[in-house]
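The structure appears below as structure tokens.
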Amino acid sequence: MALNSYTMQHKSLSIESRRNHLLAFKCSEQMGHCLRRSASFSTRSPRRQKHFPLKVVCIDYPRPDIENTVNFLEAAYLSSTFRATPRPSKPLQVVIAGAGLAGLSTAKYLADAGHVPILLEARDVLGGKVAAWKDEDGDWYETGLHIFFGAYPNIQNLFGELGINDRLQWKEHSMIFAMPNKPGEFSSFDFPEVLPAPLNGIWAILKNNEMLTWPEKVRFALGLLPAMVGGQSYVEAQDSLTVKEWMRRQGIPDRVNEEVFIAMSKALNFINPDELSMQCILIALNRFLQEKHGSKMAFLDGNPPERLCIPIVDHIQSLGGKVQTNSRIQKIELNHDGTVKCFVLGNGNVVEGDVYVFATPVDILKLLLPQDWKEISYFKKLEKLVGVPVINVHIWFDRKLKNTSDHLLFSRSPLLSVYADMSVTCKEYYDPNRSMLELVFAPAEEWIGRSDEEIIEATMMELSKLFPDEIAADQSKAKMLKYYVVKTPRSVYKTVPNCEPCRPLQRSPIRGFYLAGDYTKQKYLASMEGAVLSGKLCAQSIVQDYEVLATNTGASKTAEATVA
């Protein structure tokens, strides 16, 4: 899974009674979630030909062998350094704002290193952009549709460290795309298990002849050649170009953009190729093509707050850390020397510690940035970083849809990005009789201010093309039982050209003040993996700075974090 409200609205609308009710949760100042429930009352795949309607077959695959990849081993080593570091004689009390994956990661690894994190979350739910809520029927709805890739080494290590590897449901190693010119049909890129990387990816592309012609494949391959030869320096240099600009420079036909990169851009950053930095695409392709299981996908087996966030919290608390919800930061109060004196909460309480971390989305940080810091170059550059709007839609139907899959699907719709039938892909949401589609509505900039009814009407129109035999826009076929629309006006940072120089390191120029979040400097950009890695890098910086931080605590700060 932002703007100036952080108020979450749940609106229930029953067809029979037309009763409305509203629940509002005061949350953090920046990320807004608006949700509607309508009681407007509605996997995979014997395929091996390329064009196919889908059949529902629910099969989980074994966990892939990723433990011996270079990236996994590097991530494992970084994790081990926290456990191996000498125990501090005087543990630092580290106050962390934001209990999304970045804040949870920061707190977890600081606790591993022997320090005492105090994690403050604005809302009454953990997870930030992976938050979810349960309705009165016991059904869950989420901030976003979250996929865990094999190329996410820090997340994969985190699951292992917590002993919850079995909570990932691995799917077949394929990427499945809808065929807009053939409603109801799909085309897949299938990665053979017997081939190593990058041959398995090359084979998947070469074997798919529906989306790209052979001349287009050749031009695409030649266009990517400089990235393969030039490595990371070439990839970083492409940050100044949009995907569309880069493709034209490389002589790649526009149809490659239409067939592949529109869907890929929307899945990566919720925007189209004429806005997205090419660096983002090249980083993803590099991860997916260089690791055999890099593009293999897994779903979490249930709702993220309970199945992922709570195990992290339990680990933190078992090592002496603290986690507080309903603790929204209202102000960063400074000492006379410009360092942080305390965090002031919305209820007037004051939280003090030895070290302070802001692990919220960048838009929230910018709202709360002290005036004295705004002209410092490190913070001034943050103005370029802006969260992108995204909408997550959940629709429960009155029947089991047949043309769906136990997998993530790329809709290739102008309004929708990816979607999944969560009643098939996720154990906790499994329902043998009714489908629940979770869909990412993107790009969302022109829709974020529209009514939920308009968004659902547009979504149903697109679904009628994906399910022509089962769904009609007027609900004359499958009927909606209920729906939720989850709006995040400021989600992950918008990865447009020339953002890279503006991304801050986790260690700020203010002594004792650090940042974590996927927008900070780390190699996985705006993603769950980027958020977790940023937390580890933030914790690493604090551990490295321990001697300085320990000798400077006391005068203007309490030696132990307190809530006054």
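In the working numbering, each residue's number is its place in the sequence shown (first place is 1) plus 15.
Cβ atoms here follow ideal geometry from the backbone N, Cα and C, with glycine treated the same way.
Within 8 Å, strictly: CB atoms of residue i and residue j
{"i": "N513", "j": "D289", "result": "no"}
{"i": "V338", "j": "L134", "result": "yes"}
{"i": "Y124", "j": "V370", "result": "no"}
{"i": "L431", "j": "L416", "result": "no"}
{"i": "L160", "j": "N418", "result": "no"}
{"i": "N196", "j": "P207", "result": "no"}
{"i": "A90", "j": "F358", "result": "no"}
{"i": "D533", "j": "A117", "result": "yes"}
{"i": "L520", "j": "T503", "result": "no"}
{"i": "V372", "j": "A531", "result": "yes"}
{"i": "V401", "j": "Y508", "result": "yes"}
{"i": "H409", "j": "M475", "result": "no"}
{"i": "K281", "j": "A457", "result": "yes"}
Buried or exposed by the 16-neighbour rule on C-beta atoms within 10 Å, applied to residue i
{"i": "T566", "result": "exposed"}
{"i": "Q386", "result": "exposed"}
{"i": "S248", "result": "exposed"}
{"i": "V275", "result": "buried"}
{"i": "N272", "result": "buried"}
{"i": "A219", "result": "buried"}
{"i": "Q178", "result": "A quick correction: the sequence has Gly, not Gln, at residue 178. Answer is exposed; the Cβ neighbour count stays below 16."}
{"i": "S491", "result": "exposed"}
{"i": "E136", "result": "buried"}
{"i": "H351", "result": "exposed"}
{"i": "V405", "result": "buried"}
{"i": "N83", "result": "exposed"}
{"i": "L237", "result": "exposed"}
{"i": "A580", "result": "Only positions 16 to 579 of the chain appear in this structure, which leaves residue 580 out of reach."}
{"i": "S466", "result": "exposed"}
{"i": "S506", "result": "buried"}
{"i": "Q294", "result": "buried"}
{"i": "Q537", "result": "buried"}
For residue i, the three-state DSSP class (helix, strand or coil)
{"i": "H351", "result": "coil"}
{"i": "T58", "result": "At T58 the pLDDT is 35, less than 50, meaning the model places this residue with poor confidence; the figure from the coordinates comes in the next sentence. DSSP places T58 in coil when its eight states are reduced to three."}
{"i": "F482", "result": "coil"}
{"i": "D139", "result": "coil"}
{"i": "V563", "result": "helix"}
{"i": "D205", "result": "strand"}
{"i": "Y534", "result": "coil"}
{"i": "M451", "result": "strand"}
{"i": "N647", "result": "Because the chain is modelled from 16 through 579, residue 647 falls outside the range shown and cannot be assessed."}
{"i": "S392", "result": "helix"}
{"i": "S189", "result": "strand"}
{"i": "Q184", "result": "strand"}
{"i": "V511", "result": "coil"}
{"i": "E367", "result": "strand"}
Residue range of the unbroken alpha helix (DSSP H) whose run includes residue i
{"i": "D378", "result": "V377 to L383"}
{"i": "D127", "result": "L116 to D127"}
{"i": "L107", "result": "Counting along the chain, L107 falls outside any alpha helix (DSSP H), and DSSP gives it neither H nor E."}
{"i": "T158", "result": "No alpha helix (DSSP H) contains T158, which DSSP labels as neither H nor E."}
{"i": "A219", "result": "L214 to K222"}
{"i": "N86", "result": "V85 to A99"}
{"i": "W229", "result": "W229 to A252"}
Where the beta strand (DSSP E) through residue i begins and ends
{"i": "D436", "result": "L431 to D436"}
{"i": "I277", "result": "No beta strand (DSSP E) holds I277; the alpha helix (DSSP H) holding it covers I277 to N284."}
{"i": "M312", "result": "M312 to L315"}
{"i": "H409", "result": "V405 to F412"}
Beta-bridge partners of residue i, as assigned by DSSP
{"i": "C357", "result": "E348"}
{"i": "Q386", "result": "Answer is none; Q386 lacks a bridge partner."}
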